[in-house]
Amino acid sequence: MEMVLDKATVSGNEKKPNIFRKVLNKVLEILHSGISIIIFLVLWEIAPRAGWVPETFITPPTLVLSTLWELLITGVMTKHIETSMFRAVIGFILAAIVGVPLGFFLGGWFTLFERIVTPVLRLLNAVNPFSLFPVFILLFGIGEISKVAMIFWVCLWPIMLNTTTGVKNVDRLLLKSARSMGVTGKELFFKVVLLAALPSIFHGLKTSCATAFFMLIAAEMIGASSGLGWLVFNAQTNYQIPKLFATTVTISILGLSLNYLFTVLEGRLLSWQERPAEY
């Protein structure tokens, strides 16, 4: 009985150092990955206060955070975030609704349609979206529709092209095997083609989401009366440098958050796909 207790005590003592070691390794990993950011923030804080750079042009991070907090508690920043996110989400959803089916049409299942439409789509894809923004304003005015149309245009191409690539790259042997087992029609599309093309489709959605948000900021700087892009432009015009930096930091945080959200969704929804080996 005593030997059994001694073994249990020893095993318990062995687990404690293991847990402590894991926690310590995790903390060190976080510090190693974030050390460059910490150094950057420290230098950013010191440089304007020590007079290395003009504080009127480069605002210290502490002042940026205090300005950001003030904008949040007064509701100013929240209002503009909601406006920008609404425009980006609507344009992104519309692009996904159009781009994904169009990508399947162009993926080789409708050869005649692909031959007719592909040259026109390649020409339109080559057009710089910024050059089209005045056209959108002329067609739809300076209201919400022109911004949503701009986001729709920018998001459409990554979604459509990645969907087309995903469909074209479906393993033909996989299709033959499914057909040999009696899988045809809708069942073949949903259980084989769609699942095989899903990683590429998701990549297109992820790329277009990031592009949509940052393109919206640029569009709001050109012609808008609200939104994060307008807030940046307004702060620049009125020489409100802390407000300018606070809005820029907010845009960066939102962009990183959207990218992280899609990464998490990809890991959960596409957990079945084969991962590349790590060395």
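Heads up: the sequence shown begins at 0 in numbering that gives the first Met the number 0, then just goes up one per residue.
Ideal placement from N, C-alpha and C gives every residue a C-beta, glycine not left out.
This one's a predicted model, so the numbers in the text were calculated from it and none came from an experiment.
Taking residue i as the reference, which of the options has the closest Cα?
i: residue 265; options: 241, 211, 205; result: 205
i: residue 101; options: 170, 130, 161; result: 161
i: residue 248; options: 58, 110, 185; result: 58
On the CB-based measure, 16 or more other CB atoms within 10 Å of its CB, does residue i come out buried or exposed?
i: residue 126; result: exposed
i: residue 138; result: exposed
i: residue 112; result: exposed
i: residue 183; result: exposed
Apart from the five residues just before and just after residue i, which ones in its own chain have a Cβ nearer than 6 Å to its Cβ?
i: residue 106; result: 163, 166, 167
i: residue 146; result: 86, 218
i: residue 93; result: 151
i: residue 172; result: none
i: residue 64; result: none
i: residue 220; result: 228, 232
Please report the residue range of the alpha helix (DSSP H) in which residue i lies.
i: residue 252; result: 240 to 268
i: residue 152; result: 143 to 167
i: residue 185; result: 184 to 187
i: residue 106; result: Per DSSP, residue 106 belongs to no alpha helix (DSSP H) and is neither H nor E.
i: residue 196; result: 193 to 221
i: residue 54; result: Careful: residue 54 lies outside any alpha helix (DSSP H) and carries neither H nor E.
i: residue 175; result: 171 to 179
i: residue 110; result: 110 to 124
i: residue 233; result: 227 to 236
In angstroms with no decimal places, state the Cα-to-Cα distance between residue i and residue j.
i: residue 268; j: residue 79; result: 31 Å
i: residue 95; j: residue 227; result: 24 Å
i: residue 210; j: residue 149; result: 11 Å
i: residue 40; j: residue 201; result: 34 Å
i: residue 208; j: residue 157; result: 9 Å
i: residue 135; j: residue 253; result: 26 Å
Once you ignore the five residues that flank residue i on each side, which residues in its own chain have a CB closer than 7 Å to its CB?
i: residue 89; result: 147
i: residue 155; result: 94, 97, 98
In chain order, what residues of the same chain lie with their CB nearer than 8 Å to the CB of residue i, ignoring the 5 residues before and after it?
i: residue 54; result: 47, 48
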